[in-house]
Amino acid sequence: MQDFTPIKNICAHLNAFHVYASDPTRFVETNHYCGHLTEDVRQCILYDSPEPGARILGIEYMISPKLYETLDSDERKLWHSHVFEVKSGMLIMPQPSALVPQAAWDKAETAEMEQVVELYGKIYHLWQVDKGHKLPLGEPQLMTSFTSADQFPDMEKHLDERDSRFQGADWRKKKELRESIPEPEIHPDADSTWKKQKY
1 MQDFTPIKNI
11 CAHLNAFHVY
21 ASDPTRFVET
31 NHYCGHLTED
41 VRQCILYDSP
51 EPGARILGIE
61 YMISPKLYET
71 LDSDERKLWH
81 SHVFEVKSGM
91 LIMPQPSALV
101 PQAAWDKAET
111 AEMEQVVELY
121 GKIYHLWQVD
131 KGHKLPLGEP
141 QLMTSFTSAD
151 QFPDMEKHLD
161 ERDSRFQGAD
171 WRKKKELRES
181 IPEPEIHPDA
191 DSTWKKQKY
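Reading the sequence shown from the start, the letters are residues 1 to 199 in the UniProt record's numbering.
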């Protein structure tokens, strides 16, 4: 029997929408399965669904502001913030089962979001499933996050449809629950896609 120790480190399932840095009109729903490498670094395997047979889309690394500030300016431009994802209710931690009380899960999820809101992420997708590709074709694609509602066409419709597939998910309620989460100051080098694009 083989040992699968590295993947046993996965301790969180997150769901949000990623945007192509090269073309912010394209976005894809993404399921993140994340583990803590250190207290300053998380690493996530990204899938197109939480179901058996889900395709691996790519990877995301999340780092603390302390580490982010040690990077050079060009490198920092490859990273994105999570503030809007958290505060808008877009980023969710799907409830594992109806047996977990909703209030308890909301509390656990909000505590997780208090940490994630501070982090910077770097994402590469290998499989462009939104184009209908049957295999991961071409070069890896740098991805980013939405930083405002007007960047995401029909945001409410997409979030409602996503929430309908996850037990207890309600982005509007999550937005209310997260109102008290402080918004960190975002480094000016982060979220560079939106600083060079007109949308």
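Even for Gly, the Cβ is constructed at its ideal location relative to N, Cα and C.
For clarity, every value in this text was computed on a predicted model and none was experimentally measured.
Roughly how many whole angstroms lie between the Cα atoms of residue i and residue j?
i: P50; j: E179; result: 28 Å
i: I45; j: L126; result: 12 Å
i: M93; j: K196; result: 31 Å
i: Q128; j: I56; result: 10 Å
i: Y124; j: Q141; result: 5 Å
i: E183; j: Q2; result: 44 Å
i: P136; j: I59; result: 13 Å
i: M143; j: H18; result: 6 Å
i: T5; j: A54; result: 21 Å
i: D74; j: S148; result: 23 Å
i: K134; j: R76; result: 32 Å
How about residue i and residue j: do their beta carbons lie closer than 8 Å?
i: G35; j: N15; result: no
i: Y47; j: Y33; result: yes
i: K175; j: G121; result: no
i: Q95; j: F166; result: yes
i: L71; j: D40; result: no
i: L119; j: I63; result: yes
Between which two residues does the beta strand (DSSP E) containing residue i stretch?
i: A12; result: I10 to Y20
i: K122; result: Y120 to H125
With DSSP as the reference, please indicate the residues paired to residue i in a beta bridge.
i: Q43; result: G35 and Y61
i: V28; result: H18
i: G138; result: Partner(s): none; G138 has no beta bridge.
i: D23; result: Y20
i: I92; result: N15
i: H80; result: G121
i: T144; result: V19
i: I7; result: None, per the DSSP bridge assignment.
The alpha helix (DSSP H) spanning residue i covers which residue range?
i: A111; result: Q102 to V116
Inset, instruction - Taking 8 Å as the threshold, find out whether the segment 156-172 comes into contact with the segment 64-82 through three or more Cβ pairs. - result: Look at the beta carbons and you see the segment 156-172 not touching the segment 64-82: under three pairs across the two are nearer than 8 Å.
Inset, instruction - Give a yes or no on contact between the segment 101-115 and the segment 178-194, applying the rule of three or more CB pairs nearer than 8 Å. - result: They touch, by the three-pair rule.
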